[in-house]
């Protein structure tokens, strides 16, 4: 197992090298003529007004929330799915109950209008 | 064998630098967004630990849930609660030095205890082959751990319901029922 | 891979097994990290332009080289020599890290892709979960890019991008869940080995979910909301230019290929085909060719979709994920789980039939309920309009 | 196993201490939450390390670690929602200023 | 037969499901919700009675040994915390009573809760959800195989009692005339009081359970009460006593809280602020019975402590029981609120049960628990019916223009009178309940109370000296007299004489959904005593007498019927009843009460409940508030401030300190007086330092560190 992950480790190093090398090469050969207008924040040619970090609506957060919940569900269900073929029916039913509870979470969010954009 | 050990120790050192360095940056960084990014670094270090400890599945789960989901949630909420990203704001409270003292003492006590205790390490044969298949884990989840397994889903449901109730903007409800949902 | 390591050890006796493994790993990593991106980007941008041009009744690139086949290299040189502008108020470190992370995330997926018989970087037990997990890194990269630019459009774009990515990750996971259930493993090689019948034939609904969600996941039309020019300029990479932008671009195409490759592995039998096998060099090569052909076919479908459909609205996009694909996926998981455990299903042949029936029934039921809901909501809307007037 | 068990425990203890420090000293509620995540991770490292060195054939260590991760997800979700809600009502996420419980 | 026993977990599950369904789905539909709740408890009742039958038919072995089911609940590595279900003779006896009384109360509530509420009141459904959950808790407690499930159920009931007592702690509209602002405040305070008071007991119980688990590694009753286990516990010494005694006392502490025994009884009378069915359910029939049940269930622990040394936890039970019995009965003499009288009567009867258990007689205590549940539920429900009638009378009176705007309490017995003609069915039911409570042959209370007294008498005669059983007997007999006296007073005030208020004049009979349960319960109050009547051979003794077959201190065999004891208590009861009745039946409004005239200052003491509530207010609550303030100040002035100064003096953290100096703390130290400094520093630091989560967390961290150090190095 370690050796398999060792490959991932090696790949991480090489994968980091690629963009770093690319950026380094570009840094060497690209022109550098900065000026304040070029470096200002791009807003379709209009001067930036107000703070950049305007507050965003919480509905983004709620989507992220649902995502977290279902991600955890996946982490629990995938091992179950691997074991699925060896399992008895009752174990399958347990997992279905698990899914049903989370489906209820989705339905709840749906009915509360949390899935509504704006 | 020696090379393998050396590689492991090297990896351990690197990962420790990531984890603890990232952790320190999390608690000291003035910019909260940076703190959250350092948290990701630290979590990635912990993920590496799991790999070194032969818990590959757990490492992937760590990547999936902690780095992929929880940290996104944290980054989102940092962006949602503006005003704390003012750079230069003091990020630690007045009791920080007492806290540091207490924490340091706790750490010392823990470490001393850990090194004094004789741990009932498993025999070498067992240490060499900790091959737990994911299928075993899955079967355990619906076998002996069935009740916690279901409780987790209920917990997630409750957390979701509570979070939705809390996080939803009040007084922003359209008067008519949502036609799309077919309610 | 293992065969290559063995061969190295036996041919060059002083090499220890570990060292040989290390050499092979380095070589393969270098191929994946340096060679593959260039080839993929050049080949598939060219293909995309040609395909889109054909769909739109144009010729497409035709200047650089014969039939314009060097167009990609020309682009690369342009990117490399362009001035790189960093906004003054940007958070420089994070700003520079974001494209790097995006590229890493895209390349890392290739580690578990079985591109040919026996050729797989890391045949992890949790292989497919690893794919999903690594995909999450690109979300972090998008958030980093959007936040560090200190640009309203970039930040908004990052928000949207992440909302979309996370929304479509769940259907992908659910489709994968079905595959894992049938294959009995998360290991990529085992999933390929389990496909005596390509899963697309017995799990068509899962395949469709996966395909649609993948298109959204890599942010292509009709789900290219992340870079809807008319709304948010260019999304989270608005402020990026030159090579940094190029890396986002590379990441995107790597992601495209990786997604198609995973679809191939999960549903189309991966490298499997006549005479392909790990035993001979020829078999391996044949397997690789099958893999590339299948993957290219999937990519072609994605391009076809892009050329045909229009961009959909952000609320529809999220609705489609959360209110259609996720419920569909959940129902599919439950139906398949039940269908395979029915007392009559024992033999292999019946198994496939049961799966197909479960899929089709689920799809039909879902379509039916959606059409009923749609009719009801349409008439409700009509009534409302009538009531207002 | 090249690294003896106490080293793992020490690292985990250090991570725990760092997290605790964050919890105790951060003014920002989200910063406090980050500290909690660190602490949970430290606990997880301990679980896995003990599993690996003491009961490598048992499933308990890994299963518990998965449960801890799941619980951490629920905790983060609810905690962040509370912070967002508090922010919306009080316009602050500074813990010192969230002191309704004082009187 | 085995199959039926396997259904045991369903008994608490039905009401639990009803709760879940109401809360999740049907909380908008009042009628549906109440039907679901009643359906749930009806199923439990049916199943419970089937189980009772099955147990009885299974023969003696099943009565003593019982049936059990293990559920691994929390696998934690090598140890598994289990919970489980068990049914034996004792459980069967409880299962006969609990679900049935709950069912009666549920049906009654359906009529009662409609009272003056708008149709769409969400609280109606909520009420049924709460009482369903409550019933689930009580049933879970009864079928528990071990302390884990028992404690879970125990806490569920604690939560429900809090919710239900405070049920009227908010009101929706001004139209709800019966919930005025004062009621809201009272309900809130009563709920808090009940919760906090019982919590004291709960903490004790939990410590007891923790100790048990740490010493024995199991929490299952059968395993705990094996002689080997008990011997181990006897051998361990803890705080100079055998561990088993300490544990028994801790467990008893839990029972004292839940069953409203002497020092912690104060919550129960206040808890009458809840709706009347709640009073019947929680504060008469079931929840307070939980404490008694707990003591009965863990009786071997008490006995083991009793046997091994002269640190008799068992005697404490008897003494506390006797004190409570007398205290409740005497305070009951001087109360005006119809429900409060019953509340004190409950306290006193619970004292009787504890007396019985403390004398080592499991059956006597539990027999009284069972009969008391029936007749006290009956009394409370009848009282509810009376209140209901009086409120309706007030409506009618207000409609007719009488007594409009005049404030009165429908619970006040002083305004009632002559109701026996206006509410005949309620009157009959009430009378049956009263006679049972007082202990007149052949009503249920006679048999059970007599058995406790006979037990005490027997133990006294066996010894011959003026020992503890003698005092217990004396207290019990006196208590019986006082019981009769206050019931006579109550009957006279409520049902005889002339109505003393327009509301009482216009009172009329309640709807049949309320009176039918009354009649059914009245039948039980009349007949239930025969399940353990001596001339039928004491069937209950056979059923549950052998549950704890560990020690001879528990009497499996019934004490033979003792005409002396029965004669004395009956004579006293009749005399008390007649005395009370005759003094009060012609009571007129505004008159000085006969008891007050006769007793003088003693009456005032009784009316003020021996000033125990005031004592607590004065001795515990005020100091607690003061201490809280003190700590708060100490934290401000004497710890944080010197720290800051120290830091300043050391020249560290210069910027912060500069702020401190600038803000004038140090300046004032020199310039103005010390007093003002303290004041200012306190105020300044109060704003910057206290009330913050992290301060508390820091304190927690320091404490843990200290404990860790203590544990590791000392």
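Residue numbers (our numbering), protein chains in the order written: chain L, 320 to 437; chain Y, 2 to 184; chain A, 703 to 1091; chain U, 307 to 409; chain V, 3 to 716. Ideal placement from N, C-alpha and C gives every residue a C-beta, glycine not left out.
Is residue 823 of chain A helix, strand or coil by DSSP? Along the third chain, read from residue 1 onward, the residue named residue 823 of chain A stands at position 121. Coil at residue 823 of chain A, not helix or strand.
Residue 615 of chain V lies in the alpha helix (DSSP H); which residues open and close that run? Reading the fifth chain from its first residue, position 613 is the one you call residue 615 of chain V. Residues 614–618.
Mind checking the segment 50–65 of chain Y against chain A and listing, in chain order, the residues whose C-beta falls within less than 7 Å of any C-beta there? Under the 7 Å Cβ criterion, the segment 50–65 of chain Y contributes 57, 58, 61, 64, 65.
Here's the rule: buried if 16 or more other CB atoms are within 10 angstroms of the residue's CB, otherwise exposed. What is residue 704 of chain A? For the purposes of this step, residue 704 of chain A is identified with residue 2 of the third chain, where counting begins at 1. Exposed, since its Cβ has fewer than 16 Cβ neighbours within 10 Å.
Give the range of the alpha helix (DSSP H) segment to which residue 720 of chain A is assigned. By 1-based counting over the third chain, the position of residue 720 of chain A is 18. Taken as a continuous stretch (DSSP letters only), the alpha helix (DSSP H) holding residue 720 of chain A covers 719–732.
Tell me whether the segment 834–847 of chain A and the segment 807–814 of chain A touch, counting them as touching only if at least three CB pairs, one residue from each stretch, are closer than 8 Å. yes
In three-state DSSP terms, what is residue 415 of chain V? As a working mapping, residue 415 of chain V is identified with position 413 in the fifth chain. It is helical.
Under three-state DSSP, which class holds residue 1093 of chain A? The displayed coordinates of chain A run from 703 to 1091. Any statement about residue 1093 of chain A would go beyond what the structure contains.
Using a beta-carbon distance cut-off of less than 8 Å, what residues from the segment 384–395 of chain L approach chain Y? Listed in sequence order: 384, 385, 386, 387, 388, 390, 391, 392, 393, 394, 395.
Does the separation of the CB atoms of residue 863 of chain A and residue 797 of chain A fall below 8 Å? Working through the third chain from its first residue, we reach residue 863 of chain A at position 161. Working through the third chain from its first residue, we reach residue 797 of chain A at position 95. No; because the gap between Cβ atoms is not below 8 Å, this pair is not in contact.
Between residue 412 of chain U and chain V, is the shortest Cβ-Cβ distance under 8 Å, so that the two count as touching? Residue 412 of chain U falls outside the range modelled here, since chain U spans only 307 to 409, and no answer is possible.
First through last residue of the alpha helix (DSSP H) which encompasses residue 759 of chain A: To locate residue 759 of chain A, count along the third chain from 1; it is residue 57. Taken as a continuous stretch (DSSP letters only), residue 759 of chain A belongs to no alpha helix (DSSP H), as it is neither H nor E.
Whole angstroms is fine: what's the gap from residue 356 of chain U's alpha carbon to residue 429 of chain L's? On the fourth chain, residue 356 of chain U is found 50 positions in, with the first residue counted as 1. On the first chain, residue 429 of chain L is found 110 positions in, with the first residue counted as 1. Approximately 42 Å between the Cα atoms of the pair.
Would you check if the segment 208–217 of chain V and the segment 242–253 of chain V touch, i.e. whether three or more CB-CB distances between them fall below 8 Å? yes
Mind checking whether residue 63 of chain Y and residue 44 of chain Y have CB atoms under 8 Å apart? Along the second chain, read from residue 1 onward, the residue named residue 63 of chain Y stands at position 62. Along the second chain, read from residue 1 onward, the residue named residue 44 of chain Y stands at position 43. Yes.
Could you tell me whether the segment 448–455 of chain V touches the segment 569–576 of chain V, where touching means 3 or more Cβ pairs closer than 8 Å? The way I'd put it, the segment 448–455 of chain V does touch the segment 569–576 of chain V; three or more beta-carbon pairs between them come closer than 8 Å.
With burial defined as no fewer than 16 other Cβ atoms inside 10 Å of the residue's Cβ, what is the status of residue 363 of chain U: buried or exposed? As a working mapping, residue 363 of chain U is identified with position 57 in the fourth chain. Exposed, by the Cβ-count rule.
Could you check where the alpha helix (DSSP H) with residue 341 of chain V kicks off and where it finishes? Within the fifth chain, residue 341 of chain V is the residue found at index 339, counting from 1. 340–360 is the span of the alpha helix (DSSP H), which, as asked, contains residue 341 of chain V.
For a test of the three-state rule: what should DSSP assign to residue 56 of chain Y, helix, strand or coil? One-based indexing of the second chain puts residue 56 of chain Y at position 55. In the structure shown, residue 56 of chain Y sits in coil (DSSP, three-state: anything other than H, G, I, E or B).
First and last residue of the alpha helix (DSSP H) that includes residue 737 of chain A? Taking the third chain and counting its residues from 1, the one referred to as residue 737 of chain A is at position 35. Per DSSP, residue 737 of chain A belongs to no alpha helix (DSSP H) and is neither H nor E.
Between the C-alpha atoms of residue 295 of chain V and residue 36 of chain V, what's the straight-line distance to the nearest angstrom? For this step, residue 295 of chain V is matched to residue 293 along the fifth chain. For this step, residue 36 of chain V is matched to residue 34 along the fifth chain. Their backbone Cα atoms lie some 29 Å apart in a straight line.
Between which two residues does the alpha helix (DSSP H) harbouring residue 154 of chain Y extend? The sequence position of residue 154 of chain Y within the second chain is 153, counting from 1. Unbroken alpha helix (DSSP H) run through residue 154 of chain Y: 147–168.
Alpha carbon to alpha carbon, how far is residue 956 of chain A from residue 739 of chain A? For the purposes of this step, residue 956 of chain A is taken as the residue at position 254 of the third chain. For the purposes of this step, residue 739 of chain A is taken as the residue at position 37 of the third chain. Answer to the nearest angstrom: the Cα atoms are 6 Å apart.
Please list, in chain order, the chain V residues whose beta carbon lies closer than 9 Å to that of residue 353 of chain U. Start at 1 with the first residue of the fourth chain, and residue 353 of chain U comes out as number 47. Ordered by position in chain V, no residue passes the 9 Å Cβ test against residue 353 of chain U, which lies about 10 Å from the chain.
Length of the line joining the Cα atoms of residue 45 of chain V and residue 100 of chain V: Here the question's residue 45 of chain V lines up with position 43 in the fifth chain. Here the question's residue 100 of chain V lines up with position 98 in the fifth chain. Distance between the alpha carbons of residue 45 of chain V and residue 100 of chain V: 13 Å.
Chain D contacts from the segment 760–789 of chain A (Cβ-Cβ distance under 8 Å): Within the model displayed, chain D is absent; protein chains L, Y, A, U and V are what it includes.
Please list, in chain order, all residues of the same chain as residue 985 of chain A whose beta carbon is under 7 Å from its beta carbon, the five residues on each side excluded. In the third chain, the residue the question calls residue 985 of chain A occupies position 283. Answer for residue 985 of chain A: 819, 977, 978, 979, listed in chain order.
Would you say residue 727 of chain A lies against chain L (beta-carbon separation less than 8 Å)? As a working note, residue 727 of chain A is residue 25 in the third chain. For residue 727 of chain A, the answer is yes, since a Cβ of chain L falls inside 8 Å of its Cβ.
Taking only the alpha-carbon atoms, compute the straight-line gap between residue 970 of chain A and residue 882 of chain A and give it to the nearest angstrom. Against the third chain, residue 970 of chain A aligns to sequence position 268. Against the third chain, residue 882 of chain A aligns to sequence position 180. Roughly 14 Å between the two C-alpha positions.
Alpha carbon to alpha carbon, how far is residue 339 of chain U from residue 374 of chain V? Give it in angstroms, no decimals. As a first step, residue 374 of chain V is located in the fifth chain; it is residue number 372 there, counting from the start. As a first step, residue 339 of chain U is located in the fourth chain; it is residue number 33 there, counting from the start. Those two C-alpha atoms are separated by around 53 Å.
Would you decide whether residue 752 of chain A is buried or exposed? Buried here means 16 or more other CB atoms lie within 10 Å of its CB. Along the third chain, read from residue 1 onward, the residue named residue 752 of chain A stands at position 50. Per the 10 Å Cβ criterion, buried.
Residue 221 of chain V, DSSP secondary structure in three states: Locating residue 221 of chain V in the fifth chain gives position 219, counting from the first residue. In the structure shown, residue 221 of chain V falls within a coil segment according to DSSP collapsed to helix, strand and coil.
Taking just the CA atoms, how far does residue 1023 of chain A sit from residue 778 of chain A? Along the third chain, read from residue 1 onward, the residue named residue 778 of chain A stands at position 76. Along the third chain, read from residue 1 onward, the residue named residue 1023 of chain A stands at position 321. Answer to the nearest angstrom: the Cα atoms are 35 Å apart.
Excluding the 5 residues flanking residue 645 of chain V on each side, which residues of the same chain have their C-beta closer than 8 Å to its C-beta? Counted from its first residue, the fifth chain places residue 645 of chain V at position 643. Model confidence at residue 645 of chain V stands at a pLDDT of 49, short of 50, so the residue's coordinates are unreliable; what they give is reported in the following sentence. Cβ within range, chain order: n/a, list empty.
Please confirm whether residue 137 of chain Y has its beta-carbon closer than 8 Å to some beta-carbon of chain V. Locating residue 137 of chain Y in the second chain gives position 136, where the first residue counts as 1. Not closer than 8 Å to any Cβ of chain V, the Cβ of residue 137 of chain Y fails to qualify, so no.
C-beta neighbour in chain Y for residue 686 of chain V, strict 8 Å: Translated into the one-based positions of the fifth chain, residue 686 of chain V becomes position 684. Confidence at residue 686 of chain V is low in this model, with a pLDDT of 49, below 50, so its placement is unreliable and no value can be given for it.
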